[in-house]
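K.L.:
Dropping a structure here in structure tokens format, bear with me for questions.
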Amino acid sequence: MSKYVTHSGFQIATPLAQFVEQSLLPGTGIAVNQFWQGVANIFSELGKQNQALLDKRDTLQQQIDDYHLSHPDWQSAEYRTFLESIGYLQPEPEDFAIETEHVEPEIASAAGPQLVVPVSNARFALNAANARWGSLYDALYGTDVLGEEDGAERTQAYNPNRGFKVMAYARQFLDKALPLAEGSHIESTNYAILDGNLVITLNDSTQVALQKPEQLVGYQGEAQNPSAVLLRHHDLHIEIQIDPHHPIGQADKAGIKDVVLEAALTTIMDCEDSVAAVDAQDKVLVYQNWLGLMKGSLSETFEKSGQSLTRTLNADRSYVDTQGQRMTLKGRSMMFVRNVGHLMTTPAILDAEGNEQFEGILDAIMTSTAALHDLQGNSPFKNSTAASINIVKPKMHGPEEVAFTDTLFSRVEALLSLPKNTIKMGIMDEERRTSVNLKACIAAAKQRVVFINTGFLDRTGDEIHTSMLAGPVLPKVAIKGQSWIAAYEDQNVDIGLKTGFRKKAQIGKGMWPMPDKMALMMEQKQGHPESGANTAWVPSPTAATLHAMHYHYVDVFARQLEIKTRQQASLDNLLTPPLMLENDLSAEDIQAELDNNAQGILGYVVRWIDQGVGCSKVPDINHVGLMEDRATLRISSQHIANWLYHGICSEEQVEKTFRRMAAVVDGQNEGDSLYQPMLNDHKPLTENLAYKAALSLVFEGRVQPNGYTEPLLHAYRQAYKQQAN
Numbered sequence: 006m007s008k009y010v011t012h013s014g015f016q017i018a019t020p021l022a023q024f025v026e027q028s029l030l031p032g033t034g035i036a037v038n039q040f041w042q043g044v045a046n047i048f049s050e051l052g053k054q055n056q057a058l059l060d061k062r063d064t065l066q067q068q069i070d071d072y073h074l075s076h077p078d079w080q081s082a083e084y085r086t087f088l089e090s091i092g093y094l095q096p097e098p099e100d101f102a103i104e105t106e107h108v109e110p111e112i113a114s115a116a117g118p119q120l121v122v123p124v125s126n127a128r129f130a131l132n133a134a135n136a137r138w139g140s141l142y143d144a145l146y147g148t149d150v151l152g153e154e155d156g157a158e159r160t161q162a163y164n165p166n167r168g169f170k171v172m173a174y175a176r177q178f179l180d181k182a183l184p185l186a187e188g189s190h191i192e193s194t195n196y197a198i199l200d201g202n203l204v205i206t207l208n209d210s211t212q213v214a215l216q217k218p219e220q221l222v223g224y225q226g227e228a229q230n231p232s233a234v235l236l237r238h239h240d241l242h243i244e245i246q247i248d249p250h251h252p253i254g255q256a257d258k259a260g261i262k263d264v265v266l267e268a269a270l271t272t273i274m275d276c277e278d279s280v281a282a283v284d285a286q287d288k289v290l291v292y293q294n295w296l297g298l299m300k301g302s303l304s305e306t307f308e309k310s311g312q313s314l315t316r317t318l319n320a321d322r323s324y325v326d327t328q329g330q331r332m333t334l335k336g337r338s339m340m341f342v343r344n345v346g347h348l349m350t351t352p353a354i355l356d357a358e359g360n361e362q363f364e365g366i367l368d369a370i371m372t373s374t375a376a377l378h379d380l381q382g383n384s385p386f387k388n389s390t391a392a393s394i395n396i397v398k399p400k401m402h403g404p405e406e407v408a409f410t411d412t413l414f415s416r417v418e419a420l421l422s423l424p425k426n427t428i429k430m431g432i433m434d435e436e437r438r439t440s441v442n443l444k445a446c447i448a449a450a451k452q453r454v455v456f457i458n459t460g461f462l463d464r465t466g467d468e469i470h471t472s473m474l475a476g477p478v479l480p481k482v483a484i485k486g487q488s489w490i491a492a493y494e495d496q497n498v499d500i501g502l503k504t505g506f507r508k509k510a511q512i513g514k515g516m517w518p519m520p521d522k523m524a525l526m527m528e529q530k531q532g533h534p535e536s537g538a539n540t541a542w543v544p545s546p547t548a549a550t551l552h553a554m555h556y557h558y559v560d561v562f563a564r565q566l567e568i569k570t571r572q573q574a575s576l577d578n579l580l581t582p583p584l585m586l587e588n589d590l591s592a593e594d595i596q597a598e599l600d601n602n603a604q605g606i607l608g609y610v611v612r613w614i615d616q617g618v619g620c621s622k623v624p625d626i627n628h629v630g631l632m633e634d635r636a637t638l639r640i641s642s643q644h645i646a647n648w649l650y651h652g653i654c655s656e657e658q659v660e661k662t663f664r665r666m667a668a669v670v671d672g673q674n675e676g677d678s679l680y681q682p683m684l685n686d687h688k689p690l691t692e693n694l695a696y697k698a699a700l701s702l703v704f705e706g707r708v709q710p711n712g713y714t715e716p717l718l719h720a721y722r723q724a725y726k727q728q729a730n
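Each residue of the sequence shown is one higher than the last, beginning at 6 in my numbering.
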């Protein structure tokens, strides 16, 4: 338990108070007492408003539950009229365009991959920040994008046969992104800069230019014998690295040792779904790492292959441009920070009566104050080149909650003496009431919004919870094929374009969840830029490098012009819940769905409760590693809760399933030295906190606020930490 110190009538947990006074504020010009008085004013003013918004969520949910109980036969038109009558579905505002100014170029004028990482993990955070540039050769060599036939196996020691496959693939990519006036990069034997132009020598000694000479941006080394050639396509950079003495370059007739792609243009440093932060110590770690990123001082030392390595932020990249002048490009991804939503409170700050205060308000204050160091130049690096702080705000339900966040950001700007709308807002379109009122949500933040993003898993979790009493939902795989999903994904793009997002803000798509299935990602994820999204989430720096190729294959901004003319996705489809019209599932089908859900829940929850790990690669029931965070937990727990309520399965069946799956999950984690088996000789399974948490998420799922998992996870993690101490 933390001790507390009192400031301006509020009790501040000692670890947080010390962090603020010793690390956060020095260098900002803000006095400690002035800061805490401002913090107290914000909590005093906005705390009750925050609670009122949560109360409205509960009221609307109760009204919807009552409606379904009295209307067992769902009718589209009648249901829509009902939602309008209770204020759930609000009138669409008149047409408008967003007015956001001072937007990062990585957000407004370029299209490319986006990483999301737990900022509580310094190594992950640094890897993601440094993923602005990625080796295409490494990404191809180390993944399943290239097959292993004909002696091209992936081996730790360099396999030349696989290396030749990598080189051929990379040359084919160069032909697509940087075509030559004649011939092919496959035939190239030399690259040189002559009179400000790139000249490529081919096998037959012919010298050719680029089809579009303006794609040349610059070079490193000597013009006639460059060590790197920098080019640009679709506003993304490509660097051809040349070193005929390098082991890889020696095997290449042009001496190319690598092709480096500009990859993760932006990264979301996450304080939310991928993080397990349940007390003041946890929150301080989150804030400390974000501060380290903003000051450019974050480092992490770790062991790899018997060596001690230290990771820090990458420096900018320096070149000579086509006019012979020095130029630099950012070496790091532009970093957003994702705060938590409006729901949870934190013991890191209490009022005079000892009541926990809202965590989302604290996040806005602390992460913005940390970002002051970037704005004030207290770092050797520059995150924002537009003098902005970019915050992603998740889990908002409808335009009033977006307006509340807008007000909160205004109060934080006043506290920090920042110009209005310095703090930009990314809106996660992942809750049903936001989806059906998306245009009004954007209007509520039209001077600071820089981002809208769909999140299928959370959105499905809210879909199930909102319509919990309407009927049993389809199996999860079948839900993905329902009309509301397509309407949800399309409408997000339609409304983003309609409200002026093109070349002004990001329209984003969700995560590729299988970090080991990169060949499949290359087949499928091009659909995201083709959908009109100018960013999409990937699970690793390697995935970012590979996904970057999709933005060379698709001209997203041209695609947006095409999409802009289509008819907007149907609201009626969006409002149609994914219900089973009749239960034609076999007993085997039902059990398979329960097995899948229970195994996924346990695999994630046991690491959350026992290790405080909020995001990791968790094997699914078929032993395929999936990137899991709380969103996957929400949908799985709500799915079983729905089937329980409607009698598709029984409590006894669910308990038996969880017992069986506990053994499966224990087996899957045998190689983890930190893992504590749920089934052991020391205590009964029913006393294991992680197991109890997993069952509670299902059996209490119907009454959890909007189906969120945080309240139960936090309670059980806190109990675990108390036991451990």
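Every residue gets a Cβ at the ideal spot worked out from N, C-alpha and C, and that includes glycine.
Can you tell me whether V561 is buried or exposed, with buried defined as 16 or more other CB within 10 angstroms of its CB?
P.N.:
buried
K.L.:
Among T19, L649, I653 and L30, which residue has its Cα nearest to the Cα of V708?
P.N.:
L649
K.L.:
Return the bridge partner residues of V265 from the DSSP annotation.
P.N.:
S140 and E244
K.L.:
Could you tell me the boundaries of the alpha helix (DSSP H) in which S701 lies?
P.N.:
L694 to F704
K.L.:
Quick one, which of L584, V659, V234 and F663 has its alpha-carbon nearest Q80's?
P.N.:
Out of L584, V659, V234 and F663, L584 has the C-alpha closest to the C-alpha of Q80.
K.L.:
Output yes or no for whether 8 Å exceeds the beta carbon distance between A369 and N344.
P.N.:
yes
K.L.:
Please report the straight-line C-alpha distance between I568 and S575, rounded to a whole angstrom.
P.N.:
If you take the alpha carbons of I568 and S575, they lie about 15 Å apart.
K.L.:
Is any heavy atom of the ligand GDP found at a distance shorter than 7 Å from the C-beta of Q511?
P.N.:
Inclusion of the ligand GDP in the displayed structure is not the case, the ligand content being empty and no account of it being possible.
K.L.:
For V213 versus Y224, is the C-beta spacing smaller than 8 Å?
P.N.:
No, these two residues do not count as a Cβ contact at 8 Å.
K.L.:
When the Cβ atoms of the segment 506-521 are set against those of the segment 586-602, are three or more pairs found closer than 8 Å?
P.N.:
In short, these stretches do not touch, since the Cβ pair count stays below three.
K.L.:
Counting only runs of 3+ residues fully inside the segment 493-574, write out the beta strand (DSSP E) ranges in chain order.
P.N.:
Listed in chain order, the complete beta strand (DSSP E) runs (minimum 3 residues) inside the segment 493-574 are 511-516 and 540-543.
K.L.:
According to DSSP, what are the bridge partners of V10?
P.N.:
I17
K.L.:
DSSP has S121 in a bridge; who is on the other side?
P.N.:
The amino acid occupying residue 121 in the given sequence is Val; Ser does not appear at that position. V121 is bridged to I273.
K.L.:
Can you name, in chain order, every residue of its own chain whose Cβ lies under 8 Å from the Cβ of G92, other than the five neighbours on each side?
P.N.:
L65
K.L.:
Using only the alpha-carbon positions, how far apart do M554 and D263 sit?
P.N.:
15 Å
K.L.:
On the DSSP letters alone, give me the boundaries of the beta strand (DSSP E) that H347 sits inside.
P.N.:
Looking at the DSSP string, H347 is not in any beta strand (DSSP E), and its letter there is neither H nor E.
K.L.:
Please go through the segment 212-239 and give each complete beta strand (DSSP E) segment of 3 or more residues, from N-terminal end onward.
P.N.:
221-227 and 230-238
K.L.:
In whole angstroms, give me the CA-to-CA distance for G168 and A549.
P.N.:
21 Å
K.L.:
Please state if the CB of E104 and the CB of K425 are separated by a distance shorter than 8 Å.
P.N.:
no
K.L.:
Check each candidate in G630, G672, I428 and V121 and name the one with the smallest Cα separation from H107.
P.N.:
I428
K.L.:
Run the CB neighbour count on E308, radius 10 Å, all protein chains shown included, and call it buried at 16 or more, exposed below.
P.N.:
With fewer than 16 other Cβ atoms within 10 Å, it is exposed.
K.L.:
Name the residue from E192, Q220 and A182 whose alpha carbon lies nearest to the alpha carbon of I768.
P.N.:
Outside the shown range of the chain (6 to 730) lies residue 768, about which nothing can therefore be said.
K.L.:
Taking a contact to mean a Cβ-Cβ separation below 8 Å, would you say L462 touches L421 in this structure?
P.N.:
no
K.L.:
Using three-state DSSP, classify S304 as helix, strand or coil.
P.N.:
coil
K.L.:
If contacts are defined as beta-carbon pairs under 8 Å, then L30 and F15 qualify, I think. What distance do you get, rounded to the angstrom?
P.N.:
Not confirmed; about 16 Å, so no contact.
K.L.:
Hey, quick one: how far does the beta strand (DSSP E) through V397 stretch, first residue to last?
P.N.:
I394 to K398
K.L.:
Buried or exposed: where does H470 fall if 16 or more other Cβ atoms within 10 Å of its Cβ makes it buried?
P.N.:
H470 comes out buried.
K.L.:
Which complete alpha helix (DSSP H) runs does the segment 427-486 hold, if anything under 4 residues is left out?
P.N.:
437-440, 443-448, 461-471 and 481-484
K.L.:
Does the segment 263-280 come close enough to the segment 117-129 that 3 or more CB-CB pairs lie under 8 Å?
P.N.:
These segments touch.
K.L.:
From the DSSP output, which residues share a beta bridge with G630?
P.N.:
P624
K.L.:
Quick test of your reading: E267 and L241, contact by CB under 8 Å. State the CB separation rounded to the nearest angstrom.
P.N.:
Confirmed, Cβ separation roughly 5 Å.
K.L.:
Where does L51 sit, in a helix, a strand or coil, going by DSSP?
P.N.:
Reduced to three states, the DSSP call for L51 is helix.
K.L.:
Do K288 and T351 have their C-beta atoms within less than 8 Å of each other?
P.N.:
yes
K.L.:
I need the DSSP call for F363, collapsed to helix, strand or coil.
P.N.:
strand
K.L.:
Would the segment 40-50 count as touching the segment 58-76 if we require 3 or more Cβ pairs under 8 Å?
P.N.:
no
K.L.:
Write down the C-beta distance between L367 and A357 rounded to the nearest angstrom, noting that I regard them as a contact closer than 8 Å.
P.N.:
Not quite, the Cβ-Cβ distance comes to about 17 Å (not below 8 Å), so this is no contact.
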